[in-house]
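In this note's numbering, the protein residues as written are 58 to 342.
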């Protein structure tokens, strides 16, 4: 029993001696100087690795990727040269329903609030300029053309148009850096045009004839929404304003859900379209 206790005591002393050897003045087999050198070595090594990592990130972020333009443009871009078509205002991220009431109703509040925000982005600025009759200034495209909301006709005042029973839906081409409209036939369509119609024969009948602002009439008498070429290209200019066009459906069948499709016409390799549902309630809310 005594031998066992002595053995345990001897073992404990050996462990303590490994942790700290008073005779050799070592900790875990190394002197304080040795531990200090190891610590300094690893500090320098990890600082070097951290600096190398930060340096590579900096080269990639600030040397390889431009700050004011994408690194891949045109056909090298994932978007190619096919700008998407979208409508505004989008009342819900997950739904494409536009529901209106020509009478004072809470249904109209989200639409009017979003239109106020959208139109608030179209303000005069020293970073854009008026381009009268499609004539650009000498500083174009660095100083982009200002989009005049009055070109939207009655749709420049969404609340008034809504109160008259003809709410406006706004269409725009999504921005693609450096994109310029490439026309299929300039004599037929001298600019980008958009056509809105029902998604099927039944919806076409319910929808009626759309009215566009601004409007383009083709040589065969067909009417389209128009987006002027003046506002392209987009090259991330400060003060750039996305051009809008608007559509109304004055003869839409009231209080009926109608499926609508709007598609781009007259542009090479552009097949963009957008769909949404619309209903205009003309009964007292």
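Note that CB positions come from ideal geometry on N, CA and C, so glycine has one too.
Between residue 329 and the set 157, 232 and 273, the nearest pair of CA atoms involves 232.
Beta-bridge pairing by DSSP links residue 234 to 291.
The C-alpha of residue 229 is placed about 36 angstroms away from the C-alpha of residue 114. Distance check between residue 312 and each of 247, 213, 264 and 117 places 264 closest, using alpha-carbon atoms only. In the structure shown, residue 189 falls within a helical segment according to DSSP collapsed to helix, strand and coil. Within the segment 238 to 316, the complete alpha helix (DSSP H) segments at least 4 residues long are 258 to 264, listed from N- to C-terminus. Between residue 321 and residue 249 the beta-carbon gap is near 6 angstroms, inside 8 angstroms, which marks them as a contact.
Rounded to whole angstroms, the separation of the alpha carbons of residue 187 and residue 334 is 35 angstroms.
According to DSSP, residue 338 shares a beta bridge with 158.
Around the CB of residue 267, 16 or more other CB atoms lie within 10 Å, so the residue is classed as buried.
Per DSSP, the beta-bridge partners of residue 145 are 227. Excluding its 5 nearest sequence neighbours in each direction, residue 271 has C-beta neighbours in its own chain below 6 angstroms: 208 and 283, listed in chain order. When the Cα atoms are used, residue 146 and residue 169 turn out to be separated by approximately 9 angstroms. Taking a cut-off of 8 angstroms on C-beta distances, the segment 240 to 257 does not touch the segment 213 to 222, as fewer than three cross pairs fall below it. Annotated as proximal: residue 305 and residue 225, with beta-carbon spacing under 8 angstroms.
Around the beta-carbon of residue 125, fewer than 16 other beta-carbon atoms lie within 10 Å, marking it exposed. Within the model, the alpha-carbon separation for residue 76 versus residue 70 is close to 10 angstroms. Inclusion of residue 179 and residue 206 in the CB contact set at 8 angstroms is warranted, their separation being smaller than that value. Counted as a single uninterrupted DSSP element, the alpha helix (DSSP H) harbouring residue 220 occupies residues 215 to 220. Rounded to whole angstroms, the Cβ separation of residue 244 and residue 325 is 15 angstroms, and the two are not in contact under 8 angstroms. The bridge partners DSSP lists for residue 322 are 250.
Of 286, 295 and 252, the smallest CA-CA separation from residue 280 is found for 252.
Of the candidates 95, 337, 210 and 285, the residue whose Cα lies closest to the Cα of residue 309 is 337. Excluding the 5 residues flanking it on each side, residue 176 has same chain C-beta neighbours closer than 7 angstroms at 206, in chain order. With 16 or more neighbouring CB atoms inside 10 Å of its own CB, residue 236 falls in the buried class.
In the three-state reduction of the DSSP assignment, residue 333 falls in the strand class. Residue 222 sits away from residue 292, with the two beta carbons spaced by 8 angstroms or more. Within the same chain, 188, 191, 193 and 202 come within 7 angstroms of residue 287 by CB-CB distance, once the 5 residues on both sides are set aside. In the three-state reduction of the DSSP assignment, residue 71 falls in the helix class, which pools H, G and I. Nearest to residue 212 by C-alpha distance, out of 174, 246 and 302, is 302.
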